[in-house]
Structures are given as C-alpha cells and as structure tokens.
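**Q**
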Amino acid sequence: MKLNPKEYDKMVRRASPPSPVVQDCLWAFFVGGAICLLGEALRQLFLLWYDKTMAGTLTSIALIFLSALATLPGWYQKLAAKAGAGTLVPITGFANSVVSPAIEFKAEGWVTGVGAKIFTIAGPVIAFGTLASFVWGVVYWLVGKVG
Numbered sequence: 791m792k793l794n795p796k797e798y799d800k801m802v803r804r805a806s807p808p809s810p811v812v813q814d815c816l817w818a819f820f821v822g823g824a825i826c827l828l829g830e831a832l833r834q835l836f837l838l839w840y841d842k843t844m845a846g847t848l849t850s851i852a853l854i855f856l857s858a859l860a861t862l863p864g865w866y867q868k869l870a871a872k873a874g875a876g877t878l879v880p881i882t883g884f885a886n887s888v889v890s891p892a893i894e895f896k897a898e899g900w901v902t903g904v905g906a907k908i909f910t911i912a913g914p915v916i917a918f919g920t921l922a923s924f925v926w927g928v929v930y931w932l933v934g935k936v937g
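Be aware that the sequence shown starts at 791, since it is given in the working numbering, and climbs by one per residue.
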C-alpha cells in the first residue's frame, strides 16, 4: 500500500493523541522558572558570605551538584518528562546530559563505559559551542579591525 504525504498525515493525526500545548508550555515555564529561582536563592545565600564572583561560582557548582544528584535516582528524567524544555535550563540540563550516559554505561566499565560514553550527549554541544565561539571571536576581532 503506497500512501501520498497527505494521506499519511491524516493517518498520523488520527493515531496521535492530542497534545496539550498550553499545559506543556506552562509546565516548562514554571519548572524552568523554579530552577532559575532556586539558582537565585542559592546566589543570594552565598552572597551573605562571599563576593559576587565567588557567589556566582558556588551557585553554578551547587546547581550542577543538585542536578547530578537528582539524575542518579531518575528524578530529573521524571521531571523532564513532565516539564519538557523547562528542564533544559543550561547548567542543570547540561549536568543531566553528562551524568545520564555515565550512569547508563557504568556496567560496561570505567574506561569503555563511563569514559567513552559520558559525553555522547554533551560532546556535540561542547564541540559546536567551542567552534561557534571561535567563529564569533574572529568576526568580533575583524569588526574591531575594520570599524
């Protein structure tokens, strides 16, 4: 049976459950906001004892630690299943993307499992982020030379 694209789209729409877009967006907004609120609360707490730079650094470390800790028992994945993009707040989502493969491939050993697979998700982000920053740095430098 050969289907044209329009018939296929109709079949997919009939078989797919309706997506609660507004509800999903609200979940993402509030969960992402809650993660950011937690970060700001931690920063304000650290500012009681440290200067601005150190408080920011400690906030990042605490968010990474809490994200990794929540990934171990699978809580972060359950939250991500409900909140979607709201859990992709850069620092916590990145920590989750590093810890998840490490946990999954731990049974294969430290070198061939954890060591080889730990950056399977985060690796492209690092590589393309580095490349993009280099390209934009060159553009910025050239604009400074010309302008």
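Ideal Cβ placement from N, Cα and C applies to all residues, glycine included.
Answer yes if the stretch 855-865 comes into contact with the stretch 909-925, meaning at least three C-beta pairs across the two stretches below 8 Å, and no otherwise.
**A** Taking 8 Å as the limit for Cβ pairs, the verdict is that the stretch 855-865 does not touch the stretch 909-925.
**Q** With DSSP as the reference, label Y866 as helix, strand or coil.
**A** For the purposes of this step, residue 866 is taken as residue 76 along the sequence shown, with counting starting at 1. In this structure, Y866 counts as helix in the three-state DSSP scheme.
**Q** Would the beta-carbon of G829 fall within 8 Å of that of T847?
**A** The residue labelled residue 829 in the question sits at position 39 within the sequence shown. The residue labelled residue 847 in the question sits at position 57 within the sequence shown. Cβ distance not < 8 Å, so G829 and T847 don't count as in contact.
**Q** Got a sec, what are the start and stop residues for the alpha helix (DSSP H) E797 sits in?
**A** Here residue 797 is taken as the residue at index 7 of the sequence shown, counted from 1. Element bounds for E797: 795-805.
**Q** Report the three-state DSSP secondary structure of K872 (helix, strand or coil).
**A** Taking the first residue of the sequence shown as 1, we reach residue 872 at position 82. Helix at K872.
**Q** T910 by DSSP, collapsed to three states: which one?
**A** For this step, residue 910 is matched to residue 120 along the sequence shown. In the structure shown, T910 sits in coil (DSSP, three-state: anything other than H, G, I, E or B).
**Q** Can you tell me whether V821 is buried or exposed? The criterion is at least 16 other CB atoms within 10 Å of its CB, across all chains shown.
**A** Taking the sequence shown and counting its residues from 1, one reaches residue 821 at position 31. Buried, since its Cβ has 16 or more Cβ neighbours within 10 Å.
**Q** Count the CB pairs spanning the stretch 887-906 and the stretch 831-848 that are closer than 8 Å, and state whether there are at least three.
**A** The stretch 887-906 is not in contact with the stretch 831-848.
**Q** Beta-carbon separation of V879 and I916 under 8 Å?
**A** In the sequence shown, the residue the question calls residue 879 occupies position 89. In the sequence shown, the residue the question calls residue 916 occupies position 126. Taking 8 Å as the Cβ cut-off, V879 and I916 do not qualify as a contacting pair.
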